[in-house]
Amino acid sequence: MKGIIFNMFNDIIVTRFDEQTWEEMLENARVSGAWSSLGNYDDHDMLALVNAASHQLAITPQACLQWLGREMLPRLGGIYPGLLERFSTTFSMLKALNNVIHPEVVRFHPGASVPVFHYHEVSSHSMVMEYCSARGICSLAHGLMQGCSDYFNETVDIDHLQCRHRGDEHCLFRITIR
Ligand code: HEM
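For the sequence shown, the residue numbers in this note's numbering are 118 to 295.
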């Protein structure tokens, strides 16, 4: 996973808690804490940090990933200037993930490994998104979707209809704009 993701994690914890909480997380996760934004780092380090954070914050790793995703979305706007501004609604942003947003990320950060989404039952106010990635961090996707609706100030219901962590074959989310 890219160093920028680790650095955002650092920023979120220090902003919402403090430097000491972050130092304890690094120690509990047994990771170095020195990441260059362009570097690629072991996914296990990210999972170790998520586990340490969830333990310290007394929430599940899934809830932690979801919270991180929600906090990350506006920060991604700072890393990729002009990207978020191209969209005006949650749906337009979510529908652009495969062919605009993540390809742009890969162009900017070669070696980035991004998920693929399949879109089903798309109507003007509702759709089902299937999350496909070997990383299996669908809760991060869930939080990023919430981050989109926060960003556009829209009220959105997100149901995690099926999940591979619950034994289902696919990871499916229904997103409904209220
Ligand atoms: C709109 C701005 C967005 C930007 C700039 C962005 C950028 C990125 C970047 C840099 C990564 C890390 C790639 C790596 O470390 O190799 C990533 C991963 C990821 N993105 Fe996005 N993203 C955006 C929106 C979203 C949204 C809205 C979702 C959710 C639907 C999403 C879902 C994910 C997930 C789940 C990952 C983790 C990798 C995986 O699961 O395989 N992203 N994205």
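For every residue, glycine included, the Cβ atom is placed at its ideal position computed from N, Cα and C.
Would you say residue i touches the ligand PLP, meaning its beta carbon is less than 7 Å from a heavy atom?
| i | result |
| --- | --- |
| Tyr236 | Summarising the ligand content, the structure contains the ligand HEM and does not contain the ligand PLP. |
Quick check on the burial criterion: 16 or more other C-beta atoms within 10 angstroms. Buried or exposed for residue i?
| i | result |
| --- | --- |
| Gln263 | buried |
| Ala58 | Any answer about residue 58 is impossible in this case: the structure gives the chain only from 118 up to 295. |
| Val167 | buried |
| Val148 | buried |
Tell me where the beta strand (DSSP E) around residue i begins and ends.
| i | result |
| --- | --- |
| Pro244 | With the sequence shown as reference, residue 244 is identified as Met, and Pro is not the correct amino acid for it. Start and end: Ser243 to Cys249. |
| His277 | Val273 to Gln279 |
| Leu182 | Not the beta strand (DSSP E): Leu182 falls in the alpha helix (DSSP H), residues Pro178 to Ile196. |
How is the alpha helix (DSSP H) around residue i delimited, first residue to last?
| i | result |
| --- | --- |
| Thr138 | Glu136 to Ala146 |
| Phe234 | Run containing Phe234: none in the alpha helix (DSSP H); it sits in the beta strand (DSSP E), Val233 to His237. |
| Phe123 | Gly120 to Arg133 |
| Arg224 | His219 to Phe225 |
| Leu289 | Not the alpha helix (DSSP H): Leu289 falls in the beta strand (DSSP E), residues Cys288 to Ile294. |
| Leu211 | Thr207 to Lys212 |
Give the single residue among the options whose Cα lies nearest to the Cα of residue i.
| i | options | result |
| --- | --- | --- |
| Glu286 | Glu247, Ala258 and His259 | Glu247 |
| Glu238 | Phe269, Pro227 and Leu289 | Leu289 |
| Asp162 | Gly120, Ser266 and Gly284 | Gly120 |
| Ala258 | Arg147, Leu211 and Gly284 | Leu211 |
| Asp267 | Glu202, Ser149 and Glu188 | Glu188 |
| Arg378 | Asn270, Phe269, Ile254 and Val273 | What is shown of the chain runs 118 to 295, which leaves residue 378 out entirely. |
So, using beta-carbon positions, are residue i and residue j closer together than 8 Å?
| i | j | result |
| --- | --- | --- |
| Ile129 | Phe208 | no |
| Ile275 | Met244 | no |
| Leu299 | His226 | One cannot answer for residue 299 here, as it falls past the ends of the chain, which runs 118 to 295. |
| Gly195 | Gly260 | no |
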